[in-house]
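Notes follow once the structure below has been shown.
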Amino acid sequence: MTFLDTSGLKTEEITLRLDHTFPGDPVRNWVPAYYFDILDHIGKKVGICDLRIGHNEGLYYGGNIGYAVDEPYRGHHYAAKACKLLFGLARRHELGYLIITTQPTNLPSRRTCELLGGKLLEIAELPADNDMRMNDGHTHECIYRFEL
Numbered sequence: 001m002t003f004l005d006t007s008g009l010k011t012e013e014i015t016l017r018l019d020h021t022f023p024g025d026p027v028r029n030w031v032p033a034y035y036f037d038i039l040d041h042i043g044k045k046v047g048i049c050d051l052r053i054g055h056n057e058g059l060y061y062g063g064n065i066g067y068a069v070d071e072p073y074r075g076h077h078y079a080a081k082a083c084k085l086l087f088g089l090a091r092r093h094e095l096g097y098l099i100i101t102t103q104p105t106n107l108p109s110r111r112t113c114e115l116l117g118g119k120l121l122e123i124a125e126l127p128a129d130n131d132m133r134m135n136d137g138h139t140h141e142c143i144y145r146f147e148l
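In terms of this note's numbering, the sequence shown has 74 at position 74, counting the first letter as 1, and numbering is strictly consecutive.
Following this line, the structure appears as structure tokens:
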């Protein structure tokens, strides 16, 4: 996989600044990924996001996109705005669709997925050998699909 230029991932409100890329790890079945800082309109870091390129069982439960907005900056839809930019990057990689997952109790993240037009496929029980279950104690994830 070739990583693409990400310098244009910005709007009048936010910029995604590339922090690093990850080439993937076939042994662990991890796909290549981009990792970004989310910057507001004055260049202040307000959160982070990432885009994982590919599809596999692990990503069905873990998602193609992850995001976190720092507490003082929540309520401005920065996660949704970042996801829209990542959707464009995913289209350039010809992914066709994306999965975003969130814990059932994370209502702000669920709302973000709904605002973005995601279709809730299911609230899935995580497999016993899933990293999120083994490392973080998560038992279920809401699985949202986004057509690109």
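Idealized CB from N, CA, C, for every residue including glycine. The structure displayed is predicted, hence computed values, not measured ones.
- Item | Ordered list of beta strand (DSSP E) runs contained in the segment 51-111, each at least 3 residues | Those beta strand (DSSP E) runs which fall completely within the segment 51-111 and span 3+ residues are 65-69 and 97-102.
- Sequence-distant residues of its chain with Cβ nearer than 8 angstroms to G96 (five each side left out): E147 and L148
- Below 8 angstroms on the Cβ atoms is my guess for A79 versus T112; work out the distance and round it to an integer in Å. 5 angstroms
- With a CB to CB cut of under 8 angstroms and the five nearest residues on each side skipped, what residues in its chain are close to K10? L16 and L85
- Can you check whether the CB of V31 is closer than 8 angstroms to the CB of N56? yes
- Query: Are the Cβ atoms of D40 and D19 separated by less than 8 angstroms?
  - Reply: no
- Apart from the five residues on each side of it in sequence, which residues of its chain come closer than 6 angstroms, Cβ to Cβ, to R133? Same-chain partners within the cutoff: L126.
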